[in-house]
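Numbering follows full-length UniProt numbering, in which position 118 of the sequence shown is assigned residue number 118; successive positions increment by one, without gaps. Quick notes on the structure that follows.
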Amino acid sequence: MLPAAYTSGDAAPLSILVVDNFRDGADSLADLLRLCGYEVQTAYDAETALAAQCPDVVILELRLPGDDGWELVRRLRKRFAARQPEFIAVTTCGMERDRRRSEAAGGHAHLLKPLEPGVLMSVLKRFTEVPVEMN
1 MLPAAYTSGD AAPLSILVVD NFRDGADSLA DLLRLCGYEV QTAYDAETAL AAQCPDVVIL
61 ELRLPGDDGW ELVRRLRKRF AARQPEFIAV TTCGMERDRR RSEAAGGHAH LLKPLEPGVL
121 MSVLKRFTEV PVEMN
């Protein structure tokens, strides 16, 4: 059973941009996220991602033709400066230096393919949890 999109109270579900030049992978992940109740856009290259509406979360492959994913994160941060999305790498780039580059580029998570859906859902949940104020 797939978990429902995590929201806070009556808030709308997270909007997600999936960026991967492997169309089947991007479309499959987008379909899974839609089944879970998320609003999803897909892009198969950097230029399409840069033309997308600002999402809450960007999930991207780091090995993209042209701009690599790390450069794309920097460009998206600049484009969406007024409302910064969260960035999650879902990639085949598994070396420690790749993880460090993701962190340096402002990535919030670096997950490896093949991806366990529950792991991604746990990461997405972190972006919707509302801190409780203590008196």
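Beta carbons are placed, not taken as given, at the ideal position from N, Cα and C, and that holds for glycine.
Pairing residue 95 with residue 12, the inter-Cα distance amounts to about 36 Å.
Excluding sequence positions up to five before and after residue 75, its CB lies within less than 8 Å of the CB of 46, 50 and 67, all in the same chain and listed in chain order. If you look at residue 47, you'll find it in the alpha helix (DSSP H) that goes 46–51. At a Cβ-Cβ threshold of 9 Å, residue 106 and residue 77 count as neighbours. Closest by C-alpha distance to residue 59, out of 25, 97, 100 and 104, is 25.
If you check the CB distance, residue 124 and residue 16 come in under 9 Å. The C-beta distance from residue 85 to residue 36 rounds to 18 Å, too long to fall under 8 Å, and the pair is not in contact. Secondary structure at residue 17: strand, using DSSP grouped into helix, strand and coil. Within the UniProt domain "Response regulatory" (15–128), the complete beta strand (DSSP E) segments of 3 residues or longer fall at 15–19, 39–43, 57–60, 86–91 and 109–112, listed in chain order. Residue 82 and residue 73 have their C-alpha atoms some 15 Å from each other.
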